[in-house]
Every structure is written in structure tokens, then in C-alpha cells.
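Before any comments, here is the structure.
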Amino acid sequence: MRAFRPSSYPAIRLKGPTLQGKVAVITGASRGIGQAIGWELARAGARVVLTGRDEQLIGELAGRMRRDGFDALAVPLDVRDEASVRAAFDRVGQDYGRLDFLVNNAGIAHKLSPVQDLDPGTWREVIETNLSGLFLCTRYALPRMPDGASIVNNLSVAAQGMWPGHAGYNASKWGGLGLTNTLREELRPRRIRVIALLPGPTDTAIWEQFMPERTRSKMMAPETIARAIVDCLALPENAVVEEIRIRPVTGAI
Ligand SMILES: NC(=O)c1ccc[n+]([C@@H]2O[C@H](COP(=O)([O-])OP(=O)(O)OC[C@H]3O[C@@H](n4cnc5c(N)ncnc54)[C@H](OP(=O)(O)O)[C@@H]3O)[C@@H](O)[C@H]2O)c1
1 MRAFRPSSYP AIRLKGPTLQ GKVAVITGAS RGIGQAIGWE LARAGARVVL TGRDEQLIGE
61 LAGRMRRDGF DALAVPLDVR DEASVRAAFD RVGQDYGRLD FLVNNAGIAH KLSPVQDLDP
121 GTWREVIETN LSGLFLCTRY ALPRMPDGAS IVNNLSVAAQ GMWPGHAGYN ASKWGGLGLT
181 NTLREELRPR RIRVIALLPG PTDTAIWEQF MPERTRSKMM APETIARAIV DCLALPENAV
241 VEEIRIRPVT GAI
């Protein structure tokens with residue numbers, strides 16, 4: 001049996017998370033949690049690919065990151081559009097040759113509505129973005145991901161809870177958790193870590209879409225969520241934090 005050497009322990013802990021040179025694609029990186037994840041991954045040494053529908057916004061963000069000395073590229077991507085997804089991951093393959101971290105973060109909510117009044121077009125848009133988008137990005141990223149890579153799916157506490165009026169959002173996130181859990185089992189032989197991220201209320205613009213009256217100051221900061229992800233990704237690659245459940249310490253907001 002190998003002897004435990006306490007002297008090596010503090011040295012390892014003091015180094016802090018380093019993801020030096022890892023290539024990371026983040027969907028929905030233009031603002032909110034996605035943007036915070038982009039910054040946090042870049043600070044940890046990753047080469048970040050910022051994606052989103054607003055080409056100008058992600059271009060400006062990548063420019064700001066490069067001026068701060070980070071390695072960042074902007075690639076337009078609409079997660080609902082298969083051709084756009086395929087083109088974005090082809091570009092990542094051409095530019096970097098591989099993809100170490102996929103962060104499926106893009107998502108939308110919808111105006112609160114009971115099922116009987118929920119607009120079918122809204123239902124389809126939410127499912128296409130939050131669930132089919134998750135599938136499409138994963139589908140086209142995987143061939144570029146080496147053994148030992150990682151996937152983080154930003155779901156929500158709504159993937160395990162239910163709130164009246166949120167049927168489209170809840171269904172998309174429950175579906176996302178089902179997809180995430182299946183994917184984790186499929187990818188174990190390749191040692192690809194699949195992490196379900198389940199945040200509670202976080203102070204971003206998404207709240208304008210369904211509950212604009214909620215007090216943002218009681219919510220978590222997007223940076224808190226981003227730090228939790230980077231800490232999990234920086235763990236030894238033979239371990240996976242399967243679920244990150246993170247909420248404001250006060251619980252309900
Ligand atoms: N904030 C919370 O309390 C909270 C809690 C739990 C989970 N979440 C989840 O966290 C994720 C990020 O949300 P957020 O709170 O940061 O909201 P946000 O500020 O509204 O950001 C959403 C991001 O998704 C992008 N996006 C939306 N539709 C897209 C599409 N079709 N293709 C590509 N990108 C798209 C948006 O970019 P463009 O519109 O510019 O394309 C934006 O960058 C979502 O999946 C959300 O469900 C949020």
C-alpha cells in the first residue's frame with residue numbers, strides 16, 4: 001500500500017484551478033451565466049469559444065477578453081438551427097483540432113401561463129432551445145471531443161421541481177436532465193465527464209421573461225455559478241461531480 005505523504009497535500013491545494021490550454025465552447029455566452037462562465041474559464045487558462053446568436057455582442061466580448069490577455073474567439077451559433085450548430089463545431093474543429101469542454105448553457109424562459117393558455121409556438125420555441133438545442137450541440141460536439149473531455153449542461157432546479165405556469169420551461173429542463181443522465185452512462189467508457197448543473201435563482205436578464213418583479217439582490221451572482229463549474233472541471237479527471245445543486249443560502253427568494 002502506498003504511504004500517505006501529508007507534505008504534498010498543501011502544495012497541490014495552493015495551486016488553484018488550472019485548465020491551461022483546454023478548449024472550451026460555451027453556448028449562450030453573450031450575457032448572464034454564460035458570459036460569467038466564459039470569463040472564469042479564461043481566467044483558469046482555458047481557450048474559450050464564445051457562442052451566441054448576436055454576432056456583434058459575442059465579437060465585442062471576445063475582443064475585450066483578448067485585450068485583457070485571454071485566449072477568446074467568437075463564433076455565431078443558434079442552438080435551434082442544425083446547420084448553424086454544425087458550422088460552429090466544424091469551425092472549432094478547424095481552428096483548434098479538438099474540444100475539451102462543452103458548456104451547454106443557452107436557454108430561454110417564457111411568460112407564466114397555465115397549460116390551457118400556453119401558446120403552442122412558445123412551447124415549441126422553449127423546447128427547441130432548451131432541449132433540442134442541448135441535443136444538437138452535444139451531437140455535433142462529441143465527434144470533436146477526446147476521451148477524458150467534459151460536458152456541463154446548465155439546467156436548473158426546475159429540472160427536478162415544478163412550478164405552476166412554467167410548463168414549457170419545466171418540461172424542457174426535466175427533459176434536459178434525462179438527456180444528461182443518459183449521456184453520462186453512454187460516455188463512461190470514454191471517461192467523458194457529464195455534469196448536470198442545477199442552479200437556483202441567479203441574477204440575470206432571464207427573469208425579465210417570466211418574473212420581472214423578483215428581487216434580484218437576493219439571488220446568486222452569475223460568477224458564483226461560474227466558479228462552481230470551474231472548480232468541478234479542475235478536479236482530477238478520474239472523478240465527476242455528477243450534479244451541481246446550488247442555491248441562495250436563504251432558499252426561497
Ligand atoms: N438565471 C437563473 O436564475 C437561472 C437559474 C437556473 C438555470 N438557468 C439557466 O441558465 C442558462 C443561462 O441563462 P441566464 O440566466 O444567463 O439568462 P440570459 O441572461 O437571458 O442568457 C441566456 C443566453 O442564452 C442565449 N440564447 C438564447 N437563445 C439562444 C439560441 N437559440 N441560440 C443560442 N443562444 C441562445 C442568449 O444569447 P442571445 O439571445 O444573444 O443569442 C444568452 O446569451 C439558461 O439555460 C437558464 O435556463 C438560469
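Every letter in the sequence shown is one number past the one before it in this note's numbering, and letter 123, counting from 1, is 123. Ideal Cβ placement from N, Cα and C applies to all residues, glycine included.
Which of helix, strand or coil does DSSP assign to residue 191?
coil
Write down every uninterrupted run of the alpha helix (DSSP H) in the segment 182-227 whose length is 4 residues or greater and which is fully enclosed by it, in chain order.
207-210
Host alpha helix (DSSP H) of residue 109 (start-end)
Residue 109 -> no alpha helix (DSSP H), and no H or E assigned at all.
With distances taken from CA atoms, which of 159, 164, 238 is nearest residue 113?
164
If we count the other Cβ atoms within 10 Å of its Cβ and call it buried at 16 or more, is residue 235 buried or exposed?
exposed
Have a look at the DSSP bridge pairing and note the partners of residue 114.
According to DSSP, residue 114 bridges with nothing at all.
Residue 47 by DSSP, collapsed to three states: which one?
strand
Would you kindly check if the distance between the Cβ of residue 47 and the Cβ of residue 24 is under 8 Å?
yes
Would you report the Cα separation of residue 140 and residue 67, rounded to the nearest angstrom?
30 Å
Where does the unbroken alpha helix (DSSP H) through residue 61 begin, and where does it stop?
55-67
Of all the options 49, 169, 76, which has the alpha carbon lying nearest to the alpha carbon of residue 123?
169
Output needed for residue 187: all residues of its chain with C-beta closer than 7 Å, excluding positions within five of it in sequence on either side, in chain order.
194
Using CA atoms only, rank isn't needed, just tell me which of 34, 28, 40, 202 is closest to residue 18.
40
Is the segment 125-134 close to the segment 172-183, with three or more CB pairs under 8 Å?
yes
What does DSSP give as the partner residue(s) for residue 52 in the beta ladder?
76
Distance cut-off 7 Å: residue 130 Cβ against heavy atoms of ligand 1:
yes
For ligand 1, is there any heavy atom lying closer than 7 Å to the beta carbon of residue 217?
no
Among 116, 74, 52, 155, whose alpha-carbon lies nearest the alpha-carbon of residue 181?
155
Residue 210 versus residue 96 - alpha carbon distance
38 Å
Per DSSP, cross-strand counterpart(s) of residue 255
The chain is shown from 1 up to 253; residue 255 falls before or after that span and cannot be answered.
Considering only the alpha carbon of each residue, which of 216, 238, 223 lies closest to residue 252?
216
Cutoff 8 Å; reference residue 147; Cβ partners in own chain excluding five residues on either side
190, 191, 192
In the DSSP assignment, find the beta strand (DSSP E) that holds residue 245 and state where it starts and stops.
243-246
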